[in-house]
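A.B. asks: Chains as they are written, first to last, in the numbering used here: chain E, 1 to 677; chain B, 1001 to 1144.
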Amino acid sequence: MKKKAVACAVLSACLLQIAAIPATYAADWSPQLVVPTSGARGPSDALRIRLPAAAIAVLDRLTLELDDFDVTALVTREGNDAVFSSPQPLPYGPHTLRLIENAPDGTITERGVWQFDVRKNATFREAEGRISSTLNIIQRIADDDLTEPTPRKTQANGAAQLSGMLGDDAWRLKGNMDLLYNTQESLTPRQKDQLDMGRFLLQAEAGPVSAQAGHHAVAPDSLIMQAFNRRGVSVKGGRDTDPVNGTLFMLRTQDIVGFQEGFGIGDKNNRVDGATIVGRPAGDALTLSAMYLTGEGPSQSGAVGTGVAGDTLSTGGSAANFVADSRLLDKSLRLRGEYAASRYDFDGLNTGNEEEKDDAYSALVTYSPWKNKVANGSPMALQVGLENKEIGTFFKSPANPIGVTDRKATRGFGSFGWGGFNLQSSLGYETDNVNDIALLPRTESIQTALSMTYTPTLNLAPPADANQQPSLPWYGQPTYGLTYLSLDQDVIKAGAGLTEGDFHETKNLTAVASFSYTTWMWSVNHSIGKDTDFTNLADDTETSTTQLAANFRVGEKLTIGPSVQYGQVDNVTTPALSSETYTALLNLGYAFTQRVNANVSYSVNRQKVDNSSVDTKSNDLIGSLNWIVQQAQGMQPGFTLSLEGQYHDMDDRVLVINNQNNYQIFLKGSVSWMPVF
Amino acid sequence: MTRTLKYLLGLSAALAIGLQIASTSAATFAISRIAITFDDQKPPLITERGNDISAQAEVLITGNGLLKATWEVAGPNPDGNNPQYRTLSNVNQPLGGKDTTVIKGPKLPTESTGPYLVRLRVTEPALPFETPIATYNVIEKKKN
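(1) Determine whether the beta carbon atoms of Thr1131/B and Arg1121/B lie at a separation below 8 Å.
(2) Looking only at its chain, what residues have a beta carbon closer than 6 Å to the beta carbon of Ala598/E, apart from the 5 residues adjacent to it on each side?
(3) Would you mind sorting Pro1155/B into buried or exposed? The rule is 16 or more other CB atoms within 10 Å of its CB.
(4) Quick one: grab the DSSP three-state call for Asn1092/B.
(5) With a threshold of 8 Å between beta carbons, is Pro369/E in contact with chain B?
(6) Under a three-way DSSP split, which group does Leu349/E fall into?
(7) Find the nearest neighbour of Leu99/E within the set Gly79/E, Leu90/E, Gly106/E and Arg61/E, judged by alpha-carbon distance.
(8) Residues of chain B with CB under 7 Å from Met674/E, in chain order?
(9) Where does Asp60/E sit, in a helix, a strand or coil, going by DSSP?
(10) Excluding the 5 residues preceding and the 5 following Thr188/E in the sequence, name in chain order all residues of the same chain whose CB lies nearer than 7 Å to its CB.
(11) Which of the three DSSP states, helix, strand or coil, is assigned to Leu74/E?
(12) Within the continuous beta strand (DSSP E) that includes Glu261/E, where are the two ends?
(13) On the three-state DSSP scale, how would you describe Leu187/E?
(14) Could you tell me the alpha carbon to alpha carbon distance between Ile560/E and Met521/E, rounded to whole angstroms?
(15) Tell me which same chain residues have a C-beta within less than 8 Å of the C-beta of Lys4/E, skipping the five on either side of it?
(16) For Tyr1136/B, count neighbouring C-beta atoms within 10 Å of its own C-beta (all shown protein chains included) and say buried if the count is 16 or more, exposed if not.
(17) Report the residue ranges of all beta strand (DSSP E) runs contained in full by the stretch 1049-1086 of chain B; include only those spanning at least 3 residues, in chain order.
(18) Any contact of the stretch 203-214 of chain E with the stretch 228-240 of chain E, i.e. 3+ C-beta pairs under 8 Å?
(19) Do we get a CB-CB distance below 8 Å when we pair Ala1126/B with the residues of chain E?
(20) Mind listing the chain E neighbours of Thr1087/B? Cutoff is C-beta to C-beta under 7 Å, in chain order.
(21) What are the partner residues of Ser451/E, as DSSP defines its beta bridges?
(22) Just the C-alpha distance for Gly237/E and Gly419/E, rounded to the nearest angstrom, thanks.
(23) Does any residue of chain E bring its CB to less than 8 Å from the CB of Ile1139/B?
(24) Can you round the beta-carbon distance between Gly279/E and Pro243/E to whole angstroms, since I take them to be within the 8 Å contact cut?
(25) Using a Cβ cut-off of 8 Å, pull out every chain E residue sitting near Ser1032/B, in sequence order please.
(26) Helix, strand or coil for Val6/E per DSSP?
(27) Within 10 angstroms of its Cβ, does Gln469/E collect 16 or more other Cβ (buried), or is it exposed?
(28) Here's a check: name, in chain order, each residue in its chain whose Cβ is nearer than 6 Å to the Cβ of Asp1101/B, leaving out the five neighbours to either side.
(29) Under the DSSP definition of a beta bridge, which residues are partnered with Met674/E?
(30) Touching or not, the stretch 284-297 of chain E and the stretch 308-322 of chain E, by the rule of three or more beta carbon pairs under 8 Å?
(31) Indicate the three-state DSSP secondary structure (helix, strand or coil) for Asp490/E in the structure shown.
(32) Check each residue of the stretch 391-416 of chain E: if its Cβ is closer than 9 Å to any Cβ of chain B, include it; give the result in chain order.
(33) Taking 7 Å as the line, does the beta carbon of Ala399/E fall inside it for any heavy atom of the ligand FMN?
(34) Along the stretch 121-148 of chain E, where does the CB come closer than 8 Å to a CB of chain B? Name the residues.
Following this line, the structure appears as structure tokens:
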């Protein structure tokens, strides 16, 4: 046999050694790591160590370590060479290979240590490009009663994800970009051109300095920056693990996509500029950070294509914060405090009133007393916490579009997990009108949240046939869930027309159960809610929603997924406004062969208000038959031919102008290309 | 003080009714912002055929009340000018106590390649802005 295992585990080798030790075992010899002929060692290249004759006699005593991991079992012998082939490509960058001889008397002799780089080629350590793309050519071959103007019969659309990386020892460039194409311009992100861009990010790193341009977030969520992943530019000095690092950033206030606005920093009226500095004076135990930012623009709304809509008023201001975050007692205790201040112009810039000053703070304590605790063979975990925060009535940051204002709140929370049981709960008390404005009322709120899930561990009898799975009980593998939320709100200081007393109460209870079997599952979900307004400004309602869903796999080819949802709103104040809805869905999938499959989805929806202001019923049928002529692999493109159909029926008994009954059938050819360079 | 009150009214700009109540907690129920995402990813999304993806809506509210809405999808390859939405699920959910609530949506269809449109069509309360629409594009699955 040409190839033979060079070594076994060290312990085995020692046990197999006979008492008589060859006189040559301690002979001086040196192995040699063979240099690749290409000059660069690639991620999948084998590592070849040339051994002298003296080493062959002691093969069983040799251990090979790669980056401190014993890889001896993966070494083969080819003549006088020991060859290691990694089952996975090695990461780009520096690695250490070590060959050790373990003598029978326990002596360890390091026979060779090599530092080597895994590189793409002699010029670049890392270089890779990826494209994942599909282009669809669609021909509408039949239709009936489509809304005028009808779309063109021949259309094309496509999408591509591009990513690339280039780097050497001291620097690295990375980038990714989404491209979207559609002959219907109204379906591209900006709804303007047929070819447009989604989101993108370019990253550069040289030593401790890094820069990002594109859609990114520059800091963890805080009182002054939250949900603020935006297009822009940032430069960072220092790494996250360094004692100090700092970032300068310019981000567009409004979320945008598409080929517009370059890197998003050209419009000073729609930009947030700032800086943050992070210090770690005690390593992982304590992190101190501070941020200052100033900006303006319509932060509440996104541009077309972002999926965000809201207030388009351009507002602005500045904000700063200081955060101390510590993890103590082996990271089981977390203490976090934040203070922030802001100046903000709420009614639009350069109009109306001037900006207002305000401040906010938050304090958080969490404690996890157990580490790796096991009870009755199951892991057990507990966490408790307390949070206190006060956010001024006029506190607002231009980089926090979802920020809470005007709150003074204390919340206690806890979570407990044991085996398949998990419990989460919280109890909070909060008041508003923090700045104690005389004309305004003050409300107090008590919020309760309780959530439980339980997946019991089943004691299954072992199957008669070892190749089969243990059979489940008749009810399958169950999972149960229960969620309760309540909000009780009272006016505790009269003002603005409100008198002291009960104000609002909301309760919601949801119960879920699902049961899984080897080839199918089903679930039931029931939710009830009650919303009571004690001021009679809004209607009182009681809601209930029930949903049943299942998924079956019949044989190896057929999948069936039915679901039914029924919802009811009982308007207690104005019964004529009570309503009901139901939706039924049926998804079918069938794989004729590995290359030919079909999918059908049928849905029916009914919506009705008791006073007949709404009375609609819709039916939709969507189907496709797909033949994967050639699947994309490597540089080879793939091609899929599809026959697709859509049927839509809308019966609106109130607004008959909405009535529709049409169908359309398409022939579609899809070309996919997914190379890795 | 008039100026202060005016600011607060500005904070709860959606208060078309009940102007006498100005604090965001005591304000009339209104939605001031909706952001649709696909799990943790923002639109427009590109995903592979057969992937499990769901939409969710981050809803910014003032006050407390009942949200009535419908999750709808159009596509693949919808008419961009007159997309025919079909209902995936209905939402009847009392909201309150938090300024931002996440409304989880149903699993979205990914069986066919091409663009799809998703929206959470809110029927109550009335939106003071156009319903946001999120796009996702399904591309072919890679061969393993």
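Ideal Cβ positions, reconstructed from N, Cα and C, are used throughout, including at glycine.
These numbers come from a predicted model, not from an experiment.
C.D. replies: Well, looking at it:
(1) Yes. Within cutoff.
(2) So the qualifying residues of the chain are Tyr590 and Leu625.
(3) Because chain B spans 1001 through 1144 in this model, residue 1155/B falls outside it and cannot be assessed.
(4) Strand.
(5) No, its Cβ sits nowhere closer than 8 Å to a Cβ of chain B.
(6) Leu349/E: coil per DSSP, three-state reduction.
(7) Nearest to Leu99/E by alpha-carbon distance, out of Gly79/E, Leu90/E, Gly106/E and Arg61/E, is Arg61/E.
(8) Taking the beta carbon of Met674/E as reference, the chain B residues within 7 Å of it are Lys1142, listed in sequence order.
(9) Correct three-state label for Asp60/E: helix.
(10) Setting aside the 5 residues that flank it on each side, Thr188/E is surrounded in the same chain by Leu180, Asn182, Gln194 and Asp196, each with a C-beta closer than 7 Å to its C-beta; the list follows chain order.
(11) When DSSP states are grouped into helix, strand and coil, Leu74/E belongs to the helix group.
(12) Here Glu261/E belongs to no beta strand (DSSP E), and DSSP marks it neither H nor E.
(13) In the structure shown, Leu187/E sits in a helix (DSSP, three-state: H, G or I).
(14) Note on geometry: alpha-carbon atoms of Ile560/E and Met521/E lie some 11 Å from one another.
(15) In this prediction, Lys4/E has a pLDDT of 41, which is less than 50 and means its spatial position is unreliable; what the coordinates show is noted afterwards. The residues Thr76 and Arg77, in chain order, have a CB closer than 8 Å to that of Lys4/E in the same chain once the five nearest residues on each side in sequence are set aside.
(16) Tyr1136/B counts as buried, since no fewer than 16 other beta carbons sit within 10 angstroms of its beta carbon.
(17) For secondary structure counted as the beta strand (DSSP E) over 3 or more consecutive residues, the stretch 1049-1086 of chain B holds these complete runs in sequence order: 1054-1062 and 1065-1074.
(18) Three or more Cβ pairs drawn from the stretch 203-214 of chain E and the stretch 228-240 of chain E lie within less than 8 Å of each other, which places the two stretches in contact.
(19) Chain E, which has no Cβ nearer than 8 Å to the Cβ of Ala1126/B, makes this no.
(20) Listed along chain E are Thr583, Ser603, Asn605 and Ser618, each with a C-beta nearer than 7 Å to that of Thr1087/B.
(21) Per DSSP, Gln424/E and Thr483/E.
(22) Computed Cα separation, rounded: 44 Å.
(23) Yes - at least one Cβ of chain E is within 8 Å of the one on Ile1139/B.
(24) So it is a contact: roughly 7 Å between Cβ atoms.
(25) Near Ser1032/B (Cβ distances below 8 Å), the residues of chain E are Gln300, Gly310 and Asp311.
(26) Confidence in Val6/E is poor, its pLDDT being 39 and thus under 50, which makes the residue's placement unreliable; the coordinate value appears in the next sentence. The answer is coil: DSSP assigns Val6/E none of H, G, I, E or B.
(27) When all chains shown are included, Gln469/E counts as exposed.
(28) One detail in the question is off: residue 1101/B reads as Thr in this sequence, not Asp. Correct list, in chain order: Val1059 and Leu1095.
(29) Per DSSP, none; premise fails for Met674/E.
(30) Judged by Cβ distances under 8 Å, the stretch 284-297 of chain E makes contact with the stretch 308-322 of chain E, as three or more pairs qualify.
(31) The three-state reading of DSSP puts Asp490/E in strand, counting E and B together.
(32) Within the stretch 391-416 of chain E, the qualifying residues are Thr393, Phe394, Lys396, Pro401, Ile402, Gly403, Val404, Thr405, Asp406 and Arg407.
(33) The ligand FMN is not part of this structure, which contains no ligands at all.
(34) Listed by position along the chain: Ser132, Ser133, Thr134, Asn136, Ile138, Leu146 and Thr147.
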